[in-house]
Amino acid sequence: MNQVNESHSRASDIWREVASLFRPPSRLPVAEAIRRYMRVPRGANTSGPWESSLTPYMIDPINTLSAREYDAVVFVGPARTGKTEGLIDGWIVYGIICDPADMLVVQMTETKAREHSRTRLSRTFRHSPEVSKRLSPSRNDNNVHDKMFLDGSFLKIGWPSITVFSSSDYRRVALTDYDRFPENVDGEGDAFTLASKRTTTFMSSGMTLVESSPGR
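All residue numbers for the sequence shown refer to UniProt numbering, where the first residue is 1 and numbers rise by one.
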């Protein structure tokens, strides 16, 4: 009898966990979701909450990322202003928890894409409980450039190449350090135009983000 009860309890727990992954999108503003759910890594083994009070100028552009009346957000600001932490990492966390969808993040080079994945995203995911529990446990589903989640959504961390830009459709595309991108990607055009084409399938819910320093 105890075994039956234990099996029923485990099955109920699994069902509740799976059902929670398929709830309708949360109406929580993006910045509020980041404050609530994202832990910012401070080195390899420690983390802290995202402090919006340190970068209040980021709130409006961050919240615009979920606004259906826009199809792109462009933010240009100097280094060390919290733009990558809030706009890129925070938007990823928001999407994973509040409104799951396939997403592409494009760094300036393959080396930087690998570094961002290993030193920022992997640590953010590990320190943020609501994110880590949504990651697929399969080793085949998670590597440096590709992350799969239990609800079936997919995160790609790539670099400016026509292979990356023409591989799939994404509801969200983020281009980071855009001032360091090539002006023409493999002879096919500028990265923003190529990125925006990947979101058109999703109509008003598609969004392209450009984060840049005023380098050019």
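Backbone N, C-alpha and C fix where the C-beta goes; we use that ideal spot for every residue, glycine too.
Secondary structure, beta strand (DSSP E): runs of 3+ residues fully inside the segment 115 to 155 | 146 to 148
Is alanine 195 closer than 8 Å to threonine 208 when the C-beta atoms are compared?
-> yes
Proline 29: which of Gly43, Ile157, Met58, Ala44 sits nearest, CA to CA?
-> Met58
With burial defined as no fewer than 16 other Cβ atoms inside 10 Å of the residue's Cβ, what is the status of serine 153: buried or exposed?
-> buried
Measuring only between beta-carbons, confirm whether leucine 194 sits less than 8 Å from chain B.
-> Structure shown: chain B not included; a single protein chain is present.
Does the Cβ-Cβ distance between tyrosine 37 and serine 166 come in under 8 Å?
-> no
Would the beta-carbon of threonine 64 fall within 8 Å of that of valine 73?
-> yes
In whole angstroms, what is the alpha-carbon distance linking leucine 150 and cysteine 98?
-> 14 Å
C-beta contact flag for proline 41 and arginine 123 at 8 Å | yes
Distance, leucine 54 Cα to isoleucine 157 Cα | 27 Å
Please say whether arginine 39 and serine 52 have beta carbons closer to each other than 8 Å?
-> no
Threonine 55 lies in the alpha helix (DSSP H); which residues open and close that run?
-> That residue, threonine 55, is in no alpha helix (DSSP H); it is neither H nor E in DSSP.
Is valine 173 near threonine 199, with beta carbons less than 8 Å apart?
-> yes
Return the chain-ordered list of same chain residues with a C-beta closer than 6 Å to the C-beta of glycine 77, the five sequence neighbours on each side being excluded.
-> Lys83
For methionine 148, collect the residues of the same chain with a Cβ closer than 7 Å to its Cβ; drop the 5 residues on either side in sequence, then sort them by chain order.
-> Ser136, Asp141, Asn142, Phe154
Go ahead and pull the three-state DSSP assignment for residue 222.
-> In this structure the chain extends from 1 to 216, so residue 222 is not present and cannot be described.
Looking at threonine 55 and the ligand MG, is the gap between the Cβ and the nearest heavy atom below 7 Å?
-> What this structure holds is no ligand at all, so the ligand MG is not there to describe.
Rounded to whole angstroms, what's the CA-CA distance from glutamate 130 to valine 93? Just pull it up for me.
-> 9 Å
Are there 16 or more other CB atoms within 10 angstroms of the CB of proline 160, so buried, or fewer, so exposed?
-> buried
Give the single residue among Gly215, Thr201, Ser213, Ser212 whose Cα lies nearest to the Cα of aspartate 71.
-> Thr201
Residues that proline 41 bridges to, as DSSP identifies them = Ser47
Residue environment, alanine 33, which counts as buried when at least 16 other CB atoms sit within 10 Å = buried
Rounded separation between phenylalanine 181 and alanine 191 - CA only = 8 Å
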